[in-house]
Structures are given as structure tokens and as C-alpha cells.
Amino acid sequence: MSLVTSAEHGESVPGVAEHVIRLRNWLGEHDAELEPYRRRSANGEIAQDVEHDRGLMSMLHDAGWGRWGWPVGAGGLGGPAILRAVLYDELAGAGIEIPEAYVMMETLASLLVEYAPQIAAVHLPAFLQGREIWCQGFSEPEAGSDLAQLRTRARPEGDGFRLSGQKVWTTLGQFSQYAAVLARTGDAASAHRGLTMIWVDLRSPGVTVRAIEASNGRAEFAEMFFDEVDIPPSGVIGQVGGGWAAAMYLLQFERGMYAWLRQAVLHRRLREAARLVAGRGTKPGPAAEQALGRAIQATAMLRARSRRTVHRLSDGENPGPEISIDKALLGIAEQATFDALRLLDWDGMALSDAGGSTTQREEWFYSRATTIFGGAIDVQRDIVAERVLMLPRTR
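In our numbering, the protein residues as written are 5 to 399.
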């Protein structure tokens, strides 16, 4: 079911239902051309997957579908943000792998459009075409969930800054040309008040990027080192000292629109699993059957919650601390889905190198981290308890 074709949502945004029909027709007409994008590399090579995504992004851009929902002045075709959510839903429904780069686009492009339209006007067109990849530099070796403890520093130098420090666990950092880096411009005691978001050209002198291999064998993360990197005044995203506000704005898209993108992927995985199980002609065991039920339930809850959030974001609302509900439900649904697929032995999935599908094994390992990255689930539960339900603090 699409975001906007049910009776509940079909008329919620003028023109969107017609957009869905046109997109579905286009996907059907170009089915043969899109076939290579229904699976990523069989050997799990991240570099091949990046090129895979670039190709699909270029195709969607040239056809116009990848440009809807973004401002005309930044390479888009206009329209509400919900048109982007429709694209993700329909791609997944057609069995097409959604480009990982779209995750970063949702977070960083939304940030740039709001806080640095001059940067968005230059770089978003190239991103939409698949010619550029971006990353975000938040986490540090000694500052993960607590961004107020960041140590990477940008000290004033002329009209600009000199950036020094280290970032870690940067998704696709080694393939990116630019990064949005959260750095300290205030004194050591300034906490979140002394942070500034900075746009960094990763090809600048003084930048070193090293790939990090994760437990699933994929080097999808990187660490970045900055040694007195020159930052022009035009590289400030928003205001000096306004990095915390920029980061909070970014997170609502990372946790909101990203949750919608991922639920579309999870629904696709479960549909494929059900089809494969039906083709076996044998009933799953009790443990697998119960796990599948939990996964369907968790993903349905995520979809219902995420649909509401996407509509609010598209209408220009700020979900505030309620966005933590989406993040918590996402981690639960991710793990429930891939736990169920493992028990169903989908596609011969195995957790060792002895056999099975490399892709499914990687996805299971990836799902273990979904309750940690981007804000640990326990932290999200505390936020919901204290700032949404207004319960007393427990610490």
C-alpha cells in the first residue's frame, strides 16, 4: 500500500495520488531498464554498491522523479516533501533497492535548504544526479550520543576558520566529496551553545579519510581527521554558535523521513520472505512463525507512526521530541525483521562465511546496530518519558 492511495490518505495532499499513478506507470514501462537495480552486488562490495546507487540516482534524476519535493532553486522540481516519501515507497514496492545515498540526502539536503540555501543551490543538483556524495561528521571517539562533548574545533582565522579534530563512524565517508561537520567554535565549557555546523570539502589539504570495516565485513564507515583545514566564511551552515539548532533540525529528518524509507525496505523484505516460504510448500516452525508475526507487527507500527511524521514534516511542522518514538520503533522493527528472516532461513541465510547470502548476512549484522546509531534506544525512551509523557526524571 502506498503512502497516499488508501482512503485515509488519498486526498491528504492535492495532486499526490496522481503523482503515484504516474510514477507506478513509469516504473512499469521501464521495468527492464530497472532490473539491474533490484539487487546489490553479490559479493557485498561497498564500492560497487555506491556505483549502483549513482546509476539509479542519475536515471531517476533524468526522468524527474528524483527531483520532486526539492526546491526549484536547488535543482528540484518543487512540490511537498511527501513526494520524496512516495518515491521511496514505490521503489521498494517495485522491488528496487533504494540508494543508500538518499538517506544522507534526506538529512543533509533538508538541512542545507533550510540553513544554507546558497550551498544547497550549488551542491544539491550534483547530488540528485549522483555526481556527488555527502556525509555527516558528528560522532567522535569520546563523544557519541552526547554531542555537547564534541572536541573537534574550528578556531577563527581571518574571515573563516581552521578546523582540527577527528570524526568517526562516518557512513560512506571514504566515498564522499563533502561533509557537514559539527565543530566547537566556543570555549571548552560552552557545551551545546558553542557548536557550529560547517561544510567541508574533503579534498582540502589537511583532510585524511580512512575506511573502517564493520563486523559484517563491509567498509561502509570511515574516520576523518582534520589538521588545520581552511574553512571559508561561506562554509558556515546557519549561524556561528547555531550548530546545536542545526543538528536538531537535521535529526528530525534523519529519524522521520529515514524511518519511512526503511519501513518501505522492511516491508519489501517481509513480502519476499513470505513468497519464498510459500514456494517451499512447507510450514515454518513455531519459532520462525512467531518471529515473523512479531516482525509484521513491529513494521506495521513503524509504518503507521512514520506516515504521520512524514505528513507533519511535509506540512512544515516540527515533530519535536516525539520524533524519538519513530527512532525507537525503527530499531525494534529492523531487528525483528531480520531475526525473523534468519529463522526462516531466507535465501539460505547464514551468520558465518560457510555459506548463505552475503547480503542477508550483512543486513542481519547491520540490524544489530540500529538500536544504537543515531541515538541509542534507551536514550530515545528517556526522551519520550521525560519530554513527551512528562514523567519524572529517573536520574
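Yeah, the Cβ is synthetic: ideal placement off N, Cα and C, and Gly gets one too.
Rounded to the nearest angstrom, the gap between the Cα atoms of A124 and A78 is 6 Å. The Cβ atoms of L317 and F257 sit closer than 8 Å to each other. Check the Cα spacing between E55 and each of D93, V233, R44: the tightest is with R44. Only residues of its own chain outside the window of five on either side were considered, and among them L115, Y119, M201, I241, G242 have a CB closer than 7 Å to the CB of A250, listed in chain order.
For a cut-off of 8 Å, the C-beta gap from L60 to P103 is around 6 Å, short enough to register as a contact. Sequence-distant Cβ neighbours of D191 in its own chain, meaning closer than 7 Å and more than five residues away, are G198. Relative to the Cα of D349, the nearest Cα in the group Q301, L296, D386, A337 belongs to L296. Secondary structure of T175 (DSSP, three-state): strand.
Within the region 174-257, the complete beta strand (DSSP E) segments of 3 residues or longer fall at 182-188, 199-205, 211-216, 225-235, listed in chain order.
Taking the CA atoms as reference points, L265 sits about 37 Å from R159. Here the alpha carbons of G68 and V244 stand approximately 36 Å from one another. Under the three-state reduction of DSSP output, Q140 falls in the strand class.
In the same chain as E217, and ignoring 5 residues on each side of it, the C-beta atoms closer than 6 Å to its own belong to A223, in chain order. It is roughly 20 Å from the alpha-carbon of A389 to the alpha-carbon of A263. Approximately 12 Å separates the beta-carbon atoms of L38 and L27; this is outside 8 Å, ruling out the contact.
With three or more CB-CB distances shorter than 8 Å, the region 368-375 counts as touching the region 334-350. About 16 Å separates the Cβ atoms of L347 and A282, ruling out a contact at the 8 Å cut-off. For R58, the three-state secondary structure derived from DSSP is helix. Per DSSP, the unbroken beta strand (DSSP E) holding A158 starts and ends at 157-161.
The beta carbon of R385 is closer than 7 Å to those of A332 in its chain, skipping five residues each way along the sequence. Going by DSSP, P121 is part of the alpha helix (DSSP H) stretching over 121-132.
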